[in-house]
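First to last, the sequence lines map onto chains A and B. The first sequence begins at -7 in the working numbering and counts up by one. The second sequence begins at -7 in the working numbering and counts up by one.
Number of protein chains: 2
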Amino acid sequence: MNRADVVEVEAANAEYYAAFEAGDLDRMSALWAFDSDAEGQVSCVHPGWPMLRGRAEVLRSWALIMANTTYIQFVLTDVQATVHGDVAMVTCGENVLTAAEGSESDFAAGGSIVASKVFVRTEAGWRLWLHHGSPVMERDDDEDDEG
Amino acid sequence: MNRADVVEVEAANAEYYAAFEAGDLDRMSALWAFDSDAEGQVSCVHPGWPMLRGRAEVLRSWALIMANTTYIQFVLTDVQATVHGDVAMVTCGENVLTAAEGSESDFAAGGSIVASKVFVRTEAGWRLWLHHGSPVMERDDDEDDEG
């Protein structure tokens, strides 16, 4: 892997979270690749959501999410970026702080998410081809698999 | 996209589910790529699980899951495969039928999952680089976004 590629991809990954935290739909839109007949459609899975396909549907979901999010902050853990030619994959954990409506606290809700992203290299830089986020659930009954 | 590539990738995707349904760890192992210093580690997220990284950890999870699954069957929906050079992405829905222990019915449990996969082209064929599955949850409060 080219180290410069990895740095660029990590920056694109950071921009995703910065755009989300800022509630800036234009910045989020700029990050996503364009659908094409030859290359297919972009895809996005928000935690607990079904698969969204195509730039229009994905950006509509972001407009909805941003309109309903008064505050959100991410602390990323264990970010790993790998590059294969013109495609890059980034996986990480997201520790999420978000404001709950009607709460006196600014930090009433949160959660642990794992996220996988695929970026493609374009003339305009690395662009999101896939984001898949999912909630990490408690699994008490699997804790005994250590032995 | 080369149509022959897409057909091969769709076959690799089908083999993943056939290996899971058969409970065949060898077939599942054969599907996964190898970690490398240059290319990084494979990653896997089972629904509700944290991120697993590296071939050893991923295959250990498959051994555990297969040992605890007496019956499982997948009906895939909306399979979409895209190929970018030597990397392919497959997204689909998984309708899951699985046997619950102690139940009189063979089809006691099930669920709706969405899955994203990344395959890389190797000399031995397309190999899994990432699998990310997550549960689709009911969202009554979002049903009004149609208007």
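Don't be surprised by glycine CBs; every beta carbon is placed ideally from N, CA and C.
Spatial distance of residue i from residue j (CA atoms)
| i | j | result |
| --- | --- | --- |
| Ala11/A | Ser108/A | 17 Å |
| Leu120/A | Val110/A | 6 Å |
| Gln33/B | Glu49/A | 31 Å |
| Asp(-3)/B | His76/A | 17 Å |
| Pro127/A | Gln65/B | 23 Å |
| Ala100/B | Ile57/B | Confidence in Ala100/B is poor, its pLDDT being 46 and thus under 50, which makes the residue's placement unreliable; the coordinate value appears in the next sentence. Straight-line Cα distance between these residues: approximately 18 Å. |
| Thr62/B | Val82/B | 27 Å |
| Asp16/A | Asn(-6)/A | 31 Å |
| Met43/A | Glu115/B | 31 Å |
| Val79/A | Ser53/B | 27 Å |
| Asn60/B | Leu51/B | 14 Å |
| Glu2/A | Thr74/A | 10 Å |
| Met20/A | Tyr8/A | 6 Å |
| Gly125/B | Val(-1)/A | 27 Å |
| Gly85/A | Gly103/A | 10 Å |
| His123/B | Pro39/B | 10 Å |
| Val88/B | Val67/B | 7 Å |
| Glu130/A | Ile105/A | 12 Å |
| Gln72/A | Trp41/A | 24 Å |
| Thr69/A | Phe26/B | 24 Å |
| Glu13/B | Ser35/A | 26 Å |
| Val37/A | Ser28/A | 20 Å |
| Ala91/A | Ala91/B | 40 Å |
Delimiting residues of the beta strand (DSSP E) encompassing residue i
| i | result |
| --- | --- |
| Phe66/B | 64 to 76 |
| Ala91/B | Premise fails: Ala91/B is in no beta strand (DSSP E) and is neither H nor E. |
| Ser21/B | Where Ser21/B is concerned, there is no enclosing beta strand (DSSP E), although the alpha helix (DSSP H) it sits in stretches over 17 to 23. |
| Pro127/A | 117 to 127 |
| Val37/A | 35 to 37 |
Within chain A, the residues that residue i reaches when beta carbons sit closer than 9 Å
| i | result |
| --- | --- |
| Met(-7)/B | Ala30, Glu31, Gly32 |
Beta-carbon neighbours of residue i, restricted to chain B and to distances below 8 Å
| i | result |
| --- | --- |
| Val88/A | Going along chain B, no residue has its Cβ under 8 Å from Val88/A, so there is no contact; the nearest lies around 15 Å. |
| Leu120/A | Those within 8 Å of Leu120/A in chain B number zero; the least Cβ separation is about 12 Å. |
Within chain B, the residues that residue i reaches when beta carbons sit closer than 9 Å
| i | result |
| --- | --- |
| Gly77/A | His76, Gly77, Asp78, Val79 |
| Met129/A | Pro39, Gly40, Trp41, Pro127 |
Chain A residues whose Cβ lies nearer than 7 Å to that of residue i
| i | result |
| --- | --- |
| Gly117/B | Going along chain A, no residue has its Cβ under 7 Å from Gly117/B, so there is no contact; the nearest lies around 15 Å. |
Residue i: contacting residues in chain B (beta-carbon distance under 7 Å)
| i | result |
| --- | --- |
| Lys85/A | Before going on, a small fix: residue 85/A reads as Gly here, not Lys. Met43, listed in chain order. |
| Val106/A | Val37, Pro42, Met43 |
| Val112/A | His76 |
Selection from the options that minimises the alpha carbon distance to residue i
| i | options | result |
| --- | --- | --- |
| Gly46/B | Trp24/B, Leu56/B, Ala73/B, Val128/B | Trp24/B |
| Ala6/B | Asp27/B, Thr90/B, Trp118/B | Trp118/B |
| Arg113/B | Asn87/B, Gly85/B, Glu31/B | Glu31/B |
| Ala22/B | Ala4/B, Val37/B, Asp29/B | Ala4/B |
| Asp18/B | Ala91/B, Val71/B, Ala55/B | Ala55/B |
N-terminal and C-terminal residue of the alpha helix (DSSP H) that residue i is part of
| i | result |
| --- | --- |
| Trp54/B | 47 to 59 |
| Met(-7)/B | Unbroken run through Met(-7)/B: none, as it is neither H nor E. |
**Item:** Residues from the segment 25 to 58 of chain B in contact with chain A, defined by Cβ distance under 8 Å
**Value:** Ala30, Glu31, Gly32, Gln33, Ser35, Val37, Pro39, Gly40, Trp41, Pro42, Met43, Arg45, Leu56
Practice prompt. For the segment 60 to 72 of chain B, enumerate the residues whose C-beta is nearer than 8 Å to any C-beta of chain A, in chain order.
Written response: Asp70, Gln72
With 9 Å as the limit, tell me which residues of the segment 3 to 25 of chain B have their beta carbon closer than that to any beta carbon of chain A; keep them in chain order. none
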